[in-house]
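Chemist: In full-length UniProt numbering, the protein residues as written are 1 to 83.
1) Could you check if residue 55 is buried or exposed, using at least 16 other CB atoms within 10 Å of its CB as the buried criterion?
2) Taking the alpha carbon of residue 40 as the reference point, which residue from 51, 29, 20 has its own alpha carbon closest?
3) Note down, in chain order, each residue of its chain lying with its Cβ closer than 8 Å to the Cβ of residue 66, except the 5 sequence neighbours on either side.
4) Here's the rule: buried if 16 or more other CB atoms are within 10 angstroms of the residue's CB, otherwise exposed. What is residue 50?
5) Curious, which full-length beta strand (DSSP E) runs of at least 3 residues does the segment 21 to 59 contain?
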């Protein structure tokens with residue numbers, strides 16, 4: 001798998017171009033409520049959604065905020081499934 005991290009603007013661009021196939025919410029290690037987003041691409045690439053100022057994985061304080069970010073990227077969904 002190729003590591004391909006993206007900022008929010010890059011994720012929006014790649015989603016609009018059909019280069020993103022999915023996303024996963026990941027709990028940030030050693031935190032009680034922080035979440036990060038891992039994006040999957042059509043070429044088998046995957047990477048984290050990055051904070052544009054630090055270029056570190058963007059941490060969201062709640063699942064709601066992470067889901068809002070996915071919605072802003074362009075992903076549409078009507079349910080979240082926990083497996």
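For every residue, glycine included, the Cβ atom is placed at its ideal position computed from N, Cα and C.
Modeler: Straight from the coordinates:
1) Your numbering for residue 55 matches position 55 in the chain shown. Exposed is the call here.
2) The residue labelled residue 40 in the question sits at position 40 within the chain shown. In terms of CA proximity to residue 40, 20 leads the group 51, 29, 20.
3) As a first step, residue 66 is located in the chain shown; it is residue number 66 there, counting from the start. 25, 35, 36, 37, 60, listed in sequence order.
4) For this step, residue 50 is matched to residue 50 along the chain shown. It counts as buried.
5) Listed in chain order, the complete beta strand (DSSP E) runs (minimum 3 residues) inside the segment 21 to 59 are 35 to 41, 46 to 50.
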